[in-house]
Every structure is written in C-alpha cells, then in structure tokens.
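In what follows, a structure is listed as structure tokens, so that the remarks can point back to it.
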Amino acid sequence: MSIPATAARLEAAVCSVVRGQPEVVRRVLACMISGGHALLEDFPGTGKTTLAKAIAKAISGAMFKRVQFTPDLLPSDILGISILDPRTQEFKFHPGPVFTDILLADEINRASPRTQSALLEAMGERQATIEGIRHDLDGIFFVIATQNPVEFRGTYPLPEAQMDRFAMQCTLGYVSAAEEAAILADQAESHPVDALLPVATREEILDLMAVARQVRFSDELRHYVVALVGAT
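Under my numbering, think of the first position of the sequence shown as 3, with each following residue one higher.
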C-alpha cells in the first residue's frame, strides 16, 4: 500500500468520528507523522479527547495510554517507579504510561508545574531518566495533550519550556448546528469511536514517519524559518 493512501485512510477514519474538524485532524496527523507533539486547547465538549482516542483506535498494534492530569498527580505516575521485590530483594522498574506509542495527556494544565515538567525530557529527547537510569522511548511516541483555557478554575499555565516541546497548538472550536445534530445522532446508541476499526498498522505509521524525515528542506526555507522565529 502506498504512503499517500495510508495517510488518506487514516485521515478519513478519524474525520468519520471527529465531525466538522477536517483541518484540525489533518494538522494533528501531520504533527504525529513529523515526529512532533500536539497541544489541543479549547473549551470542554469540543472533541479534544475524542480526537486523540480516534487516532489511537485507527492504528492497529499501537499502544495507547491515557493520563488524567490532576493537582495531586506525581511525576512517578507518568514516568514510572522502581519497587522492591520482596522475593528477590531487588528493585524492579515498573514503567509508567509515558512508555507507549500514543499518550493522551488529558487536561495537562490541571497538574502542578512540577508534574508537567516530568514530560519535558521525554518529549524533547525521546528518553526518560528515572533514578539515574536512562530509558529510551521507542516506536511512534506521540503526545497529544489537551487543556482548558487558563481562565478555568483549577488550571495552571504551562511553563514556556513545556510549551516549546509541542510542535503544534490547535483549537477546535464549536462546529455548526448541523454538525452538532449529526454528532447527537451518531451517539444515540453508542459512541462512534468505539466502533472505529483500524485502517493502518503501527509499522505503516513508522514508515510514514521515516518518509517524512527524508523530505528535502532547502537552505532558503531554513533561513526563512529562522527569520520568522526571530521576528516573533
């Protein structure tokens, strides 16, 4: 199966669940294929979590983990922890949810800045250092974080260093009244994401990511990017 066909199937599958948001779906998928991470910011009920779940469901063989960020969440709840085995009297590492292909960091700005920062190294370097030992993060490793606007009660603004780890920040917004009616009809008996079937394999997504790394990046475009960043 060709690379463009794989990408088209994946986009169509996600759009069948996340109605009225084709541009956002395309951007988030492009973010994953390019090896980046995406931050979805909007009000509750706009489909942020559904979008992340749909992407994971459409890829067979991909590990999916979800972390619900809360004020009492600890860094070890994300990265993992070593626990003493009473039988062997040796510490055994229990990996946290960050060791996955697709990680949904739901309502990330409800956790403390200390816990938010636990993702910094993992997102920036595809590795996690836990108790002095480095653990590589293989596979797709795509973080989709959702957050509510900072005006909401119980939220913490993301540190600048954390924001820098996201390649893209998207807002979904509310869809049209016609789309909302269609969404209600789709969910009359069950949620459409539950019935979504995989349309691509984990290996096909890794192939997409490998092809994306081979895209030519001219010197002119590189200088333009530097100038654009400097101007903002």
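Don't be surprised by glycine CBs; every beta carbon is placed ideally from N, CA and C.
Query	Result
Three or more C-beta pairs below 8 Å linking the stretch 205-220 and the stretch 16-25	no
Cα-Cα separation, P200 to A107	22 Å
Nearest residue (CA-CA) to S114, options A202, L139 and Q70	Q70
Whole beta strand (DSSP E) elements within the stretch 32-106, 3-residue minimum	40-43, 66-70, 82-87 and 92-97
T52 vs V195 beta-carbon contact at 8 Å	yes
Extent of the continuous beta strand (DSSP E) run through Q129	Q129 to I132
Continuous beta strand (DSSP E) stretch holding A120: start and end	Unbroken run through A120: none, as it is neither H nor E.
Anticipated Cβ contact below 8 Å, C172 with A40, distance rounded	7 Å
DSSP state of A202 mapped onto helix, strand, coil	strand
Cβ-based neighbour list, L122, same chain, cut-off 8 Å, excluding 5 preceding and 5 following	A163, Q164 and R167
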